[in-house]
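Working notes for the structure below.
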Amino acid sequence: AEWTPVNYTITYNTNGGNSIANKTYAIETATFDLPTPTKDGCTFVGWYDNEGLTGDAVTQIAKGSYGDKTFYAKWDAEKFTLTWDANGGTITKPGSPEGGEVEAGTQLTAPTVTKDHYDHTGWTPEEPTVMPGRNVTYIAQWTPTEYTITYHLNGGSGTMTPTTYTIESETFELPNNPTKTGHTFAGWYANAELTGEEVTQIEKGSTGDKAYWAKWNVASYTINFDQQSGSDGTPSVTAQFGAKLSAITIPS
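Here the working numbering = 1-based position in the sequence shown + 786.
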């Protein structure tokens, strides 16, 4: 009689490691070692013949073995350094973990951070979900908070700009171009009563929403009378806008 050895299959379950193709062997196959898989952030411990990873590790298939086999990879997670950098801000609620030596694959929750006059826009690298297999520092990203400028024209008109600014805006002058019939613009004030000092600019480093009220001075006008060769008439009259004119003398 002629006989051919039966081929059996070895299946490798790497439990998250790199994929390893199935292997076939027969009862007459020479003894061979099992392969070594890899997994980011982990150290390979060995192959086990059960999902519970109990008993002794299996390192080789000895000549004379037979039957289909399935092996499961066991891993030890390596530890790496985790750092949360508030980048000028303050951590008001710690992350999880807070930092230090953390096993690769650990679930991560970023801390809550604040920074006066700035809005938090995320992390660099991108906000994580699990600890990578390397030392990593997550840096908070910020954008300046935008504040509003409101102009109360007090009966005047015009388009006033700018209407927003941030703590990082360069020093700029307030607009001086509002108009009001019969009046001259006398400046911006930080209160509706128009008291205190005139505000002419917003300096770099300023913060908070701002409101300014326009002050107006009533304009004065002079009316000249051409007496057309007459005499003794009123030559001119000066009066404020909207005011009643004083009596004039008709020339003779």
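No residue lacks a Cβ here, since even glycine has one placed at the ideal position from N, Cα and C.
Going by C-alpha to C-alpha distance, which of the options sits closest to residue i?
{"i": "residue 839", "options": "913, 1010, 858, 828", "result": "858"}
{"i": "residue 836", "options": "995, 962, 901, 856", "result": "856"}
{"i": "residue 889", "options": "991, 826, 810, 974", "result": "826"}
{"i": "residue 798", "options": "816, 821, 787, 817", "result": "821"}
{"i": "residue 1004", "options": "921, 1027, 885", "result": "1027"}
{"i": "residue 1008", "options": "1031, 970, 994", "result": "1031"}
{"i": "residue 862", "options": "1013, 982, 802", "result": "802"}
{"i": "residue 959", "options": "935, 994, 860, 834", "result": "935"}
{"i": "residue 892", "options": "961, 853, 847, 866", "result": "866"}
{"i": "residue 1039", "options": "985, 791, 810, 972", "result": "Because residue 1039 is not part of the residues shown, which for the chain are 787 to 1038, the question remains open."}
{"i": "residue 811", "options": "795, 824, 805", "result": "795"}
{"i": "residue 921", "options": "1034, 788, 1025, 887", "result": "887"}
{"i": "residue 952", "options": "1019, 988, 1014", "result": "988"}
{"i": "residue 800", "options": "933, 971, 828, 791", "result": "828"}
{"i": "residue 994", "options": "933, 973, 974", "result": "933"}
{"i": "residue 1038", "options": "895, 1014, 809", "result": "1014"}
{"i": "residue 1006", "options": "788, 885, 1024", "result": "1024"}
{"i": "residue 849", "options": "809, 905, 843, 814", "result": "814"}
{"i": "residue 804", "options": "789, 860, 791", "result": "860"}
Which two residues bound the contiguous beta strand (DSSP E) that contains residue i?
{"i": "residue 797", "result": "794-799"}
{"i": "residue 1014", "result": "It is not in any beta strand (DSSP E) - residue 1014 carries neither H nor E in the DSSP assignment."}
{"i": "residue 970", "result": "969-975"}
{"i": "residue 1003", "result": "996-1004"}
{"i": "residue 832", "result": "828-834"}
{"i": "residue 1023", "result": "1022-1026"}
{"i": "residue 811", "result": "809-811"}
Using the C-alpha atoms, what's the distance from residue j back to residue i?
{"i": "residue 1011", "j": "residue 1002", "result": "29 angstroms"}
{"i": "residue 992", "j": "residue 955", "result": "9 angstroms"}
{"i": "residue 831", "j": "residue 880", "result": "33 angstroms"}
{"i": "residue 939", "j": "residue 931", "result": "26 angstroms"}
{"i": "residue 833", "j": "residue 864", "result": "18 angstroms"}
{"i": "residue 937", "j": "residue 1017", "result": "51 angstroms"}
{"i": "residue 845", "j": "residue 817", "result": "11 angstroms"}
{"i": "residue 999", "j": "residue 868", "result": "52 angstroms"}
{"i": "residue 1022", "j": "residue 962", "result": "32 angstroms"}
{"i": "residue 950", "j": "residue 882", "result": "37 angstroms"}
{"i": "residue 976", "j": "residue 990", "result": "18 angstroms"}
{"i": "residue 1034", "j": "residue 970", "result": "27 angstroms"}
{"i": "residue 823", "j": "residue 854", "result": "20 angstroms"}
{"i": "residue 948", "j": "residue 981", "result": "23 angstroms"}
{"i": "residue 908", "j": "residue 871", "result": "12 angstroms"}
{"i": "residue 806", "j": "residue 911", "result": "31 angstroms"}
{"i": "residue 788", "j": "residue 841", "result": "39 angstroms"}
{"i": "residue 884", "j": "residue 897", "result": "8 angstroms"}
Just to check, is the beta-carbon of residue i closer than 6 angstroms to a non-hydrogen atom of the ligand GDP?
{"i": "residue 798", "result": "In the structure on display, the ligand GDP does not appear, and there are no ligands present to speak of."}
Determine, using beta carbons only, whether residue i comes closer than 7 angstroms to chain C.
{"i": "residue 817", "result": "You won't find chain C in this structure, because it holds only one protein chain."}
Which full runs of the alpha helix (DSSP H) of 4+ residues lie inside the segment 859-933, going along the chain? Taken in chain order, the segment 859-933 contains no complete alpha helix (DSSP H) segment of 4 residues or longer.
Whether or not the segment 897-905 and the segment 915-923 are in contact is what I'm after, with contact meaning three or more pairs of Cβ atoms, one per stretch, closer than 8 angstroms; do they touch? These segments do not touch.
Would you check if there are 3 or more beta carbon pairs closer than 8 angstroms linking the segment 934-947 to the segment 961-975? Yes: the two stretches touch, three or more of their Cβ pairs being nearer than 8 angstroms.
Are there three or more Cβ pairs, one per stretch, closer than 8 angstroms when the segment 924-934 is compared with the segment 869-881? Output reads yes: the segment 869-881 touches the segment 924-934.
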